[in-house]
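See structure below.
There are 4 protein chains.
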Amino acid sequence: MRVGFLGLGQMGTGMAGNLLRAGHEVTVYNRSPEKARPLAERGARVASSVAEAGANPVVLTMLADDAALESVVYGRRGLLESLAPGALHVSSSTVSVAISERLARDHAAAGHRYVAAPVFGRPEAAAAGKLFVVAAGDPDAIAEARPLFDAVGQRTFVVSDRPADANLVKLSGNFLLASVIESLGEAFALVGKAGLDRSQYLDLLTSTLFDVPVYRNYGRLVAERAFTPPGFAAPLGLKDVRLALEAAETLRVPMPIASLVRDRFLTLLARGGENLDWSALGDLARQDAGER
Amino acid sequence: MRVGFLGLGQMGTGMAGNLLRAGHEVTVYNRSPEKARPLAERGARVASSVAEAGANPVVLTMLADDAALESVVYGRRGLLESLAPGALHVSSSTVSVAISERLARDHAAAGHRYVAAPVFGRPEAAAAGKLFVVAAGDPDAIAEARPLFDAVGQRTFVVSDRPADANLVKLSGNFLLASVIESLGEAFALVGKAGLDRSQYLDLLTSTLFDVPVYRNYGRLVAERAFTPPGFAAPLGLKDVRLALEAAETLRVPMPIASLVRDRFLTLLARGGENLDWSALGDLARQDAGER
Amino acid sequence: MRVGFLGLGQMGTGMAGNLLRAGHEVTVYNRSPEKARPLAERGARVASSVAEAGANPVVLTMLADDAALESVVYGRRGLLESLAPGALHVSSSTVSVAISERLARDHAAAGHRYVAAPVFGRPEAAAAGKLFVVAAGDPDAIAEARPLFDAVGQRTFVVSDRPADANLVKLSGNFLLASVIESLGEAFALVGKAGLDRSQYLDLLTSTLFDVPVYRNYGRLVAERAFTPPGFAAPLGLKDVRLALEAAETLRVPMPIASLVRDRFLTLLARGGENLDWSALGDLARQDAGER
Amino acid sequence: MRVGFLGLGQMGTGMAGNLLRAGHEVTVYNRSPEKARPLAERGARVASSVAEAGANPVVLTMLADDAALESVVYGRRGLLESLAPGALHVSSSTVSVAISERLARDHAAAGHRYVAAPVFGRPEAAAAGKLFVVAAGDPDAIAEARPLFDAVGQRTFVVSDRPADANLVKLSGNFLLASVIESLGEAFALVGKAGLDRSQYLDLLTSTLFDVPVYRNYGRLVAERAFTPPGFAAPLGLKDVRLALEAAETLRVPMPIASLVRDRFLTLLARGGENLDWSALGDLARQDAGER
Chain L
94 MRVGFLGLGQ
104 MGTGMAGNLL
114 RAGHEVTVYN
124 RSPEKARPLA
134 ERGARVASSV
144 AEAGANPVVL
154 TMLADDAALE
164 SVVYGRRGLL
174 ESLAPGALHV
184 SSSTVSVAIS
194 ERLARDHAAA
204 GHRYVAAPVF
214 GRPEAAAAGK
224 LFVVAAGDPD
234 AIAEARPLFD
244 AVGQRTFVVS
254 DRPADANLVK
264 LSGNFLLASV
274 IESLGEAFAL
284 VGKAGLDRSQ
294 YLDLLTSTLF
304 DVPVYRNYGR
314 LVAERAFTPP
324 GFAAPLGLKD
334 VRLALEAAET
344 LRVPMPIASL
354 VRDRFLTLLA
364 RGGENLDWSA
374 LGDLARQDAG
384 ER
Chain X
94 MRVGFLGLGQ
104 MGTGMAGNLL
114 RAGHEVTVYN
124 RSPEKARPLA
134 ERGARVASSV
144 AEAGANPVVL
154 TMLADDAALE
164 SVVYGRRGLL
174 ESLAPGALHV
184 SSSTVSVAIS
194 ERLARDHAAA
204 GHRYVAAPVF
214 GRPEAAAAGK
224 LFVVAAGDPD
234 AIAEARPLFD
244 AVGQRTFVVS
254 DRPADANLVK
264 LSGNFLLASV
274 IESLGEAFAL
284 VGKAGLDRSQ
294 YLDLLTSTLF
304 DVPVYRNYGR
314 LVAERAFTPP
324 GFAAPLGLKD
334 VRLALEAAET
344 LRVPMPIASL
354 VRDRFLTLLA
364 RGGENLDWSA
374 LGDLARQDAG
384 ER
Chain C
94 MRVGFLGLGQ
104 MGTGMAGNLL
114 RAGHEVTVYN
124 RSPEKARPLA
134 ERGARVASSV
144 AEAGANPVVL
154 TMLADDAALE
164 SVVYGRRGLL
174 ESLAPGALHV
184 SSSTVSVAIS
194 ERLARDHAAA
204 GHRYVAAPVF
214 GRPEAAAAGK
224 LFVVAAGDPD
234 AIAEARPLFD
244 AVGQRTFVVS
254 DRPADANLVK
264 LSGNFLLASV
274 IESLGEAFAL
284 VGKAGLDRSQ
294 YLDLLTSTLF
304 DVPVYRNYGR
314 LVAERAFTPP
324 GFAAPLGLKD
334 VRLALEAAET
344 LRVPMPIASL
354 VRDRFLTLLA
364 RGGENLDWSA
374 LGDLARQDAG
384 ER
Chain R
94 MRVGFLGLGQ
104 MGTGMAGNLL
114 RAGHEVTVYN
124 RSPEKARPLA
134 ERGARVASSV
144 AEAGANPVVL
154 TMLADDAALE
164 SVVYGRRGLL
174 ESLAPGALHV
184 SSSTVSVAIS
194 ERLARDHAAA
204 GHRYVAAPVF
214 GRPEAAAAGK
224 LFVVAAGDPD
234 AIAEARPLFD
244 AVGQRTFVVS
254 DRPADANLVK
264 LSGNFLLASV
274 IESLGEAFAL
284 VGKAGLDRSQ
294 YLDLLTSTLF
304 DVPVYRNYGR
314 LVAERAFTPP
324 GFAAPLGLKD
334 VRLALEAAET
344 LRVPMPIASL
354 VRDRFLTLLA
364 RGGENLDWSA
374 LGDLARQDAG
384 ER
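Residue numbers (the working numbering), protein chains in the order written: chain L, 94 to 385; chain X, 94 to 385; chain C, 94 to 385; chain R, 94 to 385.
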């Protein structure tokens, strides 16, 4: 399949690599072009503009946030102008429900097709093609994009025919992960200040109630305070919880743990955590308990 | 092994049954004696007083709360008076750190041995001998009680030589479970009000990030609002979170999610949830979102 | 002084009336023109467009929210186009810090002057000319607008020379008011469920620690559940707390009570409180305590 | 009137002094006797035991907490044993609802009378006889104690005929004060990080919405970070909020701001605030905002 791919961060690079490995003809574009080199060596064409990447029947975007996506789509010679009639935009970025609704509307008006397909998984999973894809949109468009999803992920979930629903599910998932980090952080603060060994405690938890990688991995990061380099940086964590809260506000749904986690992120960033992994959230309970 | 067993609620009945099945000589006692009958039919001796059950080299207690444990130990002709010198009290109840410290002190002064060994698992796990046992206390005493732990549980974790540490770990675990219920409740409230199907959403979560029975089981209870009959009643959930907060206050550890969950339990009970499963906690976000 | 006045809601009508009473030549504009009639009878000129009201040396806007202000300033033939060079825009609306910063920038670029001067006080205070004015911006511009402030308010506070600071102070004040309502609501829920009379309790509080109209007035509304008609509607309360939280997020300042109050507003609105006074916030603790 | 007075802390010393000034015959008792000397110089008799002070027709206690009160009443040769039949115990300590209910029961059984009469006011108000007295209990007993209340306070409020109601009102009042401190702390954190002067901001608040000593005094302490010496120490603040939460739990009333404030106190104490004034609570938002 001929695919344009925009956004070569940690996640996007892994995903584009797996598209190449699966035999697709991939044209990559990134604002800072040096990120494209390793993929070029593996056979990717390198576009020098958004519009050039946009001249493909399917275009996948994997960008950092709403602003980046907005600029790529709505900017001068952006996707809204450069996609051919009937072309398909697959948006895998973790962005707001609001921008996804806007894209759905504007792509439809421009005669394009649009699917939201955010993914679960950290950079290692992206590199290994082991992501989980959460797709929503027109069933035919999803079916057409299926080979791409199969190349980047281990499983695809089709949520509904409204693209923004996939974004909501993704945001809710990141909220749940942040809740896990915060609650583990509180439990560690408690047993740690009582003098118990955090790693043994984590081993007990993950051998019994919480025998699942999410608890094992985030638990280890928090227990060992291994927050750098970031696999997923704290400001992105704040962004996702804020987007979940925005969607919840629109729907009139109070989410008190999400509010609490948002406040925690602000403290983390205010104390200099801009470049830490978002799991550093789980260290604040320990700090509030007076431990250094 | 000759064992006295006090406390035949849902959990205790399953545990005592597994002690019998493993060939131990079990003398059971329960305040309301009719609960002892099924076990008597399976070979248990039935004691007519705490002291009679206490006349065994090992005595295991599985009681509802601090008050019940206090009455059994400190009451007239209670265990503190009736245990023989050198006898071993194994306390599996989910009780406060404070009472466990008090028991450690008073049993030692009376020449008894004392191990705290609370368990993780719902009544079905107790019936199946699949509990997880969290033990703390003197290593020799734990070694002696090991055959009992093997009979009731699938695995035993030895936490430390201070009995109360096991109680702290147990309370922290129940706090983590309550956090899971609350955070799932908030996520369901969000996606549910957006019109997505909660059960499909749960299936997605538990096929990806949260592929573990705790999320699957509590998620199902919350998604289906299946809160009755209670496997673990809401007032007991409140009790455990309160005990975690009390231990945390003594240690000067703020736990904001625990505070939030405590408030939720109060709302649940104030609205008539005394006889619901504690997972009904997860329905309050939906109610606060205005859904009926 | 010749003044254009845009925005004739409950607050704006009172303010414009006091400008007339003080002898100023006021040209009023409101999107729904019937609101202008009573003022016309008192001597106001009625403009038929934003631009017509904007053709004055000083223009005061008192609009409901960012969107209304944005449309009046940036819309076609809005104030940005219609103000004369050197004209002064005084913005008294309770709006975001972000839009105030944007107005400061864009008015300066267009050769206009700009002062933010939000006010404290409910509609009765606006009608009586007893508002408190919180002004920020260029000192000369503030001096020039001073006769207007004197006409609508009992006292003017000059905060700084950055207009957005006045908006921040205003938002923080509304946050403090919402905190008062919520905390009173919790205290009432407690003593009320214990069987004490809420009004007597309020009388005690406001005769001792809290002898000030804010507690007396909001306390009475909450104690008597007198939430309709709204003096300040719940959705506006949510808006202001959200704007405070947005400003706080930009500055990396966690405000946990503000987060809690925001969640309360969402519950209030989700349960049908769109048309209630924002003090209905203070009834939720009572509801959560299971009282009808 | 002949009065026994037990408890000569900052508050008690001021109160006993005012009883003397009003002409009452006061017999004082304090565990550490040197605190009694200044009062002896002003005419007080000094008792050398609780029982000796208890040999008066009216006995007023002003003790630090439940434990101190419990020891004075229930200890060997405590008030329960030493009060004469028909004697009146006036308890002004800020203690739990639970202990007040227990005293009511046990004094009645012993043939004593019992009134709870906690007070509002800091040590300066105690010294000046300007406290507010909140009394509950048998109306005749309150009438009899009235001259004492008039001597220590500027006004007495009779709440109900159940003594514990006065304790509940007192605890709820301290909860409201803690809410004021926390919310001011958050507002200061916001405007302070934006670069505004906290003291000017406080002046604005207390000249407009919050023109009342509570805001002025606590606001100044927080704005100037003047937390030592403590007028009311942080551990006592934690105690009172915890007692409010305990009473609320018994009544099934969730109080989320109280929960939040309790967590804040734990952080304050964990970071070394044991000897700070409880208004130091209001500095935590600033610290969480990353300011030193």
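Beta carbons: idealized from backbone N, C-alpha and C, even for Gly.
Count the other CB atoms, across all protein chains shown, that sit within 10 Å of the CB of residue 368(X); report buried if there are 16 or more and exposed otherwise.
-> Residue 368(X) counts as exposed, since fewer than 16 other C-beta atoms from the protein chains shown sit within 10 angstroms of its C-beta.
Find the residues of chain C that neighbour residue 345(L), judging by a C-beta separation of less than 7 Å, and give them in chain order.
-> What residue 345(L) touches in chain C: 359, 362, 363.
If you measure from the beta carbon of residue 286(R) to each beta carbon in chain C, is any gap under 8 Å?
-> So, interface residue.
Is there a Cβ from chain L that is less than 8 Å from the Cβ of residue 356(C)?
-> Chain L contact via Cβ: present.
Thinking just about the alpha-carbon of each residue, which of 115(L), 131(L), 197(L) is nearest to the one in residue 95(L)?
-> For residue 95(L), the closest of 115(L), 131(L), 197(L) by C-alpha to C-alpha distance is 115(L).
Using a C-beta to C-beta distance shorter than 7 Å, which residues of chain R count as neighbours of residue 349(X)?
-> 356, listed in chain order.
Pull up the CB-CB distance for residue 187(R) and residue 99(R), whole angstroms please, since I reckon it's below 8 Å.
-> Actually they are not in contact, since the Cβ atoms of residue 187(R) and residue 99(R) sit about 15 Å apart, beyond 8 Å.
Have a look at 330(C), 320(C), 173(C) and flag the residue whose alpha-carbon is nearest the alpha-carbon of residue 200(C).
-> It is 173(C).
Report all residues from its chain with a CB closer than 6 Å to the CB of residue 242(L); omit the five preceding and five following residues, and keep chain order.
-> Excluding residues within five positions, the ones whose Cβ falls inside 6 Å are 226, 249.
Which term fits residue 106(C), buried or exposed, when burial requires 16 or more other beta carbons within 10 angstroms of its beta carbon?
-> Answer is buried; the Cβ neighbour count reaches 16.
Give the straight-line distance between the Cα atoms of residue 312(R) and residue 335(C), rounded to the nearest whole angstrom.
-> C-alpha separation (whole angstroms): 24 Å.
Look at the alpha carbon of residue 338(R) and the alpha carbon of residue 348(R), and state the distance between them as a whole number of angstroms.
-> Straight-line Cα distance between these residues: approximately 7 Å.
In the DSSP assignment, what are the bridge partners of residue 230(L)?
-> DSSP lists 208(L) as the bridge partner or partners of residue 230(L).
Inter-stretch contact at 8 Å, needing at least 3 Cβ pairs: the stretch 254-262 of chain C / the stretch 284-303 of chain R | Below 8 Å, enough C-beta pairs join the stretch 254-262 of chain C and the stretch 284-303 of chain R to call them touching: three or more.
Give the straight-line distance between the Cα atoms of residue 193(X) and residue 378(R), rounded to the nearest whole angstrom.
-> Take the alpha-carbon of residue 193(X) and the one of residue 378(R): they are about 36 Å apart.
Would you give the residue range spanned by the beta strand (DSSP E) that residue 250(L) belongs to?
-> Following the DSSP letters along the chain, one finds residue 250(L) inside the beta strand (DSSP E) bounded by residues 246-253.
Using 7 Å as the cut-off, classify the Cβ of residue 274(X) as near or not near the heavy atoms of the ligand MG, replying yes or no.
-> The ligand MG is not part of the structure shown, which contains no ligands of any sort.
Near-chain X residues of the stretch 172-197 of chain R (beta-carbon distance less than 9 Å), N- to C-terminal order = Of all residues in the stretch 172-197 of chain R, none places a beta-carbon less than 9 Å from a beta-carbon of chain X.
Contact between the stretch 160-179 of chain L and the stretch 130-143 of chain L: three or more CB pairs below 8 Å?
-> The stretch 160-179 of chain L makes contact with the stretch 130-143 of chain L, as at least three CB pairs between them are under 8 Å.
Other residues of its chain near residue 175(L): CB distance less than 6 Å, five sequence neighbours each side excluded | Cβ neighbours of residue 175(L) beyond the five flanking positions: 144, 147.
Going by beta carbon distance, what residues of the same chain come within less than 6 Å of residue 88(R), once the five residues before and after it are set aside?
-> This structure gives no information on residue 88(R), because the portion of chain R shown stretches from 94 to 385.
Determine the closest residue to residue 156(L) out of 346(L), 103(L), 358(L), with distance taken between C-alpha atoms.
-> It is 103(L) whose Cα lies nearest to the Cα of residue 156(L).
In chain L, which residues lie with their C-beta within 7 Å of the C-beta of residue 382(R)?
-> Simply 363.
Residue from 298(C), 268(C), 357(C), 97(C) with nearest C-alpha to residue 177(C) | With distances taken between CA atoms, residue 177(C) lies nearest to 97(C) out of 298(C), 268(C), 357(C), 97(C).
Give a yes or no on whether the C-beta atoms belonging to residue 305(L) and residue 315(X) are separated by under 8 Å.
-> No, the Cβ-Cβ distance between residue 305(L) and residue 315(X) is not below 8 Å.
If we ignore side chains and look at the alpha-carbon of each, how far apart do residue 203(L) and residue 375(R) end up?
-> So the alpha carbons of these two residues sit roughly 54 Å apart.
Return the Cβ separation of residue 354(R) and residue 279(R) in integer angstroms, given the expectation that the two are a contact with Cβ distance under 8 Å.
-> Between residue 354(R) and residue 279(R) a beta carbon distance of about 12 Å is seen, past the 8 Å cut, so the two are scored as non-contacting.
Considering residue 154(L), what are the terminal residues of the beta strand (DSSP E) in which it resides?
-> First-last of the beta strand (DSSP E) with residue 154(L): 151-154.
Backbone CA spacing between residue 363(C) and residue 350(X) [nearest angstrom] | Spanning the two alpha carbons is a distance of roughly 23 Å.
Figure out for me which residue from 150(C), 382(C), 234(C), 253(C) has the closest Cα to the Cα of residue 118(C).
-> Among 150(C), 382(C), 234(C), 253(C), the Cα nearest to that of residue 118(C) belongs to 150(C).
Neighbour list for residue 301(R) in chain C, Cβ cutoff strictly below 7 Å | Within 7 Å Cβ-Cβ: 213, 225.
Compute the distance between the beta-carbons of residue 206(R) and residue 234(R), then report whether it is under 8 Å.
-> At the C-beta level, residue 206(R) and residue 234(R) come within 8 Å of one another.
At which residues does the beta strand (DSSP E) containing residue 97(R) begin and terminate?
-> First-last of the beta strand (DSSP E) with residue 97(R): 95-99.
With a 10 Å radius around its C-beta and 16 neighbouring C-beta atoms as the bar for buried, classify residue 125(R) as buried or exposed.
-> Residue 125(R) sits exposed, since fewer than 16 C-beta atoms from the chains shown fall within 10 Å of its C-beta.
Buried or exposed: which applies to residue 321(C), given that a residue is buried once 16 or more other Cβ atoms fall within 10 Å of its Cβ?
-> So residue 321(C) ends up on the exposed side.
Straight-line gap, residue 270(L) to residue 266(R) (C-alpha atoms, nearest Å) = Cα to Cα, residue 270(L) sits roughly 39 Å from residue 266(R).
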